[in-house]
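Structure, as structure tokens:
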Amino acid sequence: MAWGGNDKGVEKWIKQLNENDPKLKTLHILSFRRVSPADLKAIFVAVAHNTTLKELYCSGHALDLAAAEQLSEALTLNDTLESLNIGNNELGKNDDIVAILCEGLAVNEGLLTLDWENKGLNNSSVQALAKCLKKNTVLKNLNLSRNELDDDAIQTLVLALQENETLHSLNLSMNAIGPAGAERLASYIAGNCHLIELDVSDNALMEGGETLGASLSNNKSIETLKMTGVTSKLEDLQLPSAAGADSQATDVKADESQSAHGNAIAKAVAKALSGNRSLKHLWLDHNHIQSISLVTLASMLPQSELIELRLRNNRLDNEGAKALAQSPGKLRHVELGENAIGSEGLGALLDTSLEYVGLFNNQVGGFGAEPERIPDLSNSKVQTLDIGCNGVTLEDVNAMIELLLAGGVPDLKLLEMGGNAEDKEMDGWEKSIERLQREKPEIEVAWKRLKSGEMAQ
């Protein structure tokens, strides 16, 4: 592995590439290193006939036409390289360079991953990439996050994807995709789709998110769908809120609108799950989804193949948590951080077949005052529990320890409680945690805030 920090590094890398040095499997040229387009061209010449390099990472470095031509030629000859990230955030502004690179990519027979995150790609430059995808038969993973792809660009990509049967993972997060783009993706998902993982997070899909969710009912390939933060308008994703009373009123209306879209997405996915047998991982964080819609989604879990559900930073309370707990089906990992779930919801989620329960920054504190309200949890399958930043008191900690020592949550391996202990209770926490770890050494407990300059263990 080479990272690019020593003098005469370019000459050394070229020598290693020419000699097929078995130690050079990854070449990662850091963006702050001074490497000229001429240097990159020389490296690409050596890459052409190399048979040992697996990963080439030159992100943040500008390419000129000559360097692009040489890399394109190298890609036609090299079938060993598996992962490529090249170009800076101006790459997509030069259609000629993108077109030349895509000519080589189209016929390459070894590359599995192309990472073009934050490369300035737009509707114009994506035309060449679409042509490439129609011809390439080996690429598995394509990252187009943080570019300038709008609805028209998505239409171009969809037409190409319909002719591509080998791409499995596509990341379109943080672009400029709107409702129309979401609908075009939905038509592809419901039709001749071969993707296994799709990420459309942080795009202003709005009502298009519901259409996309509904398209899952006819999909047989997607196992992971990431659709976080898709209920805001594009300008709300890009600009901070203005200060003042007027902005507060606007925020309330925005919340109501986002909840309407988020609830519609949850209900559309719920309906789709009745017939979908491929989806296993679903991310719906930051969509203002309310418990009433989660109840609908949860009711379909027994019929689904879902094993992971992320709903961080929504508008969920105990009712939503209890609905998830009632019949989780095959669900094993649930992330509900930054909601409004209390101790009642905590108890319900722990008394299930779930293995991971994430409740960071909720409202579960206070259960120690009435420990009898928490079930004995002897049948709990939870292995990891995160209740950090929940207002958990020393009284709560002691109640939890008594429950654990009595055989509750018997499979627990990791208990995360950071951000709860107040300074005045530190000594008490210390003694209680020491007791737990002495009597249940198999449980790892993370509860202390790190002091300045202190390293995590």
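Heads up: the sequence shown begins at 1 in full-length UniProt numbering, then just goes up one per residue.
The beta carbon of each residue, even a glycine, is placed where N, CA and C say it ideally should be.
- Rounded to the nearest angstrom, the Cβ distance from Leu412 to Leu385 is 7 Å, consistent with a contact under 8 Å.
- Taking all protein chains shown into account, Met400 has 16 or more neighbouring C-beta atoms within 10 Å of its C-beta and is therefore buried.
- Ranked by Cα distance from Ala99, the first of Ala68, Ala348, Leu81 is Ala68.
- Under DSSP, Trp283 shares a beta bridge with Lys226, Arg310.
- DSSP places Leu346 inside the alpha helix (DSSP H), whose first and last residues are 343–350.
- Note: Glu416 is bridge-paired with Asp386, Ala446 in the DSSP secondary-structure output.
- Around the C-beta of Leu405, fewer than 16 other C-beta atoms lie within 10 Å, and the residue is accordingly described as exposed.
- Membership of Glu207 in any beta strand (DSSP E) is not indicated; the residue belongs instead to the alpha helix (DSSP H) covering 207–214.
- The alpha carbon of Lys140 has as its nearest neighbour, out of His28, Glu117, Leu195, the alpha carbon of Leu195.
- For Ile86, the enclosing beta strand (DSSP E) starts and ends at 83–87.
- For the set Ser221, Leu27, Pro410, Thr296, the Cα lying nearest the Cα of Pro328 is the one of Thr296.
- Look at Gln70 here: in three-state DSSP terms it is helix.
- Apart from the 5 residues on each side of it in sequence, Gly337 sits with its Cβ closer than 8 Å to the Cβ of Arg312, Asn313, Gly358, Leu359, Phe360, Asn361, Asn362, Asp386 in its chain, given in chain order.
- Met174 is positioned such that its CB atom lies no closer than 9 Å to that of Ser221.
- Beta-bridge partners of Tyr57 (DSSP): His28, Asn85.
- If you compare the alpha carbons of Val35, Lys25, Asn20 with that of Lys8, the shortest gap goes to Val35.
- Here Ser169 is bridged, per DSSP, to Asn141, Glu197.
- The C-beta distance from Ala264 to Glu319 rounds to 19 Å, too long to fall under 8 Å, and the pair is not in contact.
- For Leu101, there is no enclosing beta strand (DSSP E); the residue is part of the alpha helix (DSSP H) that begins and ends at 95–107.
- Judged by DSSP in its simplified three-state form, Arg438 adopts helix.
- Thr113: member of the beta strand (DSSP E) spanning 113–115, first to last residue.
- Annotation for Asn78: Val47, Ala48, Asn50, Gly110 place their beta carbon closer than 7 Å to its own, counting only its chain and skipping 5 residues before and after.
- Of all C-beta pairs linking the region 152–165 to the region 87–104, fewer than three are shorter than 8 Å, placing the two stretches out of contact.
- Residue pairing of Val334 in beta bridges, as defined by DSSP: Leu309, Val357.
- Around the beta carbon of Leu170, 16 or more other beta carbons lie within 10 angstroms, which makes this residue buried.
- According to the DSSP secondary-structure assignment, Arg315 is paired through a beta bridge with Gln290.
- The continuous alpha helix (DSSP H) containing Pro179 extends over residues 179–189.
- Rounded to the nearest angstrom, the gap between the Cα atoms of Leu84 and Asn143 is 11 Å.
- DSSP places Asp151 inside the alpha helix (DSSP H), whose first and last residues are 151–161.
- C-alpha of Lys12 to C-alpha of Lys119: approximately 28 Å in a straight line.
- For Met300, there is no enclosing alpha helix (DSSP H), since its DSSP letter is neither H nor E.
- The Cβ neighbour count for Asp150, taken over all protein chains shown within 10 Å, is at least 16; the residue is labelled buried.
- Between the alpha carbons of Asp285 and Thr228 lies a gap of roughly 5 Å.
- By the C-beta density criterion, Glu370 is exposed, having fewer than 16 other C-beta atoms within 10 angstroms.
- Per the coordinates, the alpha-carbon of Asn89 lies some 35 Å from the alpha-carbon of Val269.
- With fewer than 16 other Cβ atoms inside 10 Å of its own Cβ, Pro410 counts as exposed.
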